[in-house]
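Going by the numbering used here, the letters in the sequence shown line up with residues 111 to 289, in that order.
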Amino acid sequence: MQTIKIYDKEFTPYITDAEIQDKIKLLAQQLKTDYADKKPLFLSVLNGSFLFTADLFKHLTIKAEVCFVKLASYKGVSSTGNVITAIGLDTNLSGRHVIILEDIIDTGKTLHHFLPQLKTQQLASLKIAVLLNKKEALAYPVQVDYACFDIPNKFVVGYGLDYDGLGRNSKDIYQLKES
Ligand code: IMP
Ligand code: MG
């Protein structure tokens, strides 16, 4: 793998496609154990989670459903003040075991602002599963229940994650190069 350039920034190889797929398979197995007879509803947060959601779903062997919302708070390489709900919830979640799927938890702001919308419905349970967990960056009280990778507080792209819209179509994950 080689360094890639997106706009003005250089990124170095960080997590390979194979490592990602291995962790996602493990997560699918864990969910099979935890949700065997619960027919969970996966709530995927667009845009960044589309590949993670698709790959996880392919490995799930239990009965499960999926739906999507689109939330955004990022511009460039840092979080903005606002969380925008670009596509809202259109599914009835009452009585359901819901698992939120996020590509990455950074400050936790996006989910912290979104979670109250779910609390108005009577969910059977709610858990959060993420591909990448930037633990050190967490600034809001959001509890991550399943994380494929704990990563340091550095900007990453690839495998669904973007830098100003680009970089999502890479199988591997890259980390912003120190300048
Ligand atoms: P938070 O609200 O600060 O937790 O940020 C969550 C959202 O910001 C994620 O769902 C991503 O879409 C985006 N994000 C956070 N960190 C990164 C990163 O390192 N690269 C690309 N997108 C990121
Ligand atoms: Mg996201």
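C-beta atoms are modelled at their ideal positions from N, C-alpha and C, and glycine is treated no differently.
Counting C-beta atoms within 10 angstroms of its own C-beta, S159 has 16 or more neighbours from the protein chains shown and is therefore classed as buried. Closest in alpha carbon position to I214, among Y269, H223, G198, S235, is Y269. Across the set E212, F121, L242, the C-alpha of E212 shows the shortest separation from the C-alpha of V179.
Less than 8 Å separates the beta-carbon of A174 from that of F152. If you draw a straight line from the Cα of K229 to the Cα of V193, it is about 18 Å long.
With respect to I283, I130 sits close: the two C-beta atoms are nearer than 8 Å. Contact between L225 and I116 fails: their C-beta atoms lie close to 31 Å from each other, not under 8 Å.
Distances between the C-beta of T163 and the heavy atoms of the ligand IMP are all 7 Å or more. In the DSSP assignment, A239 falls within the beta strand (DSSP E) that extends over 235 to 243. Excluding the 5 residues flanking it on each side, L161 has same chain C-beta neighbours closer than 7 Å at Y269, G270, in chain order. Under the Cβ criterion (8 Å, minimum of three pairs), the region 111 to 125 does not count as touching the region 138 to 154. Looking at the backbone, the Cα of A247 and that of T201 are separated by about 31 Å.
If you check the CB distance, L221 and I210 come in under 8 Å. Taking each of P262, Q232, K237 in turn and checking the Cα distance to N243, the smallest one comes out for P262.
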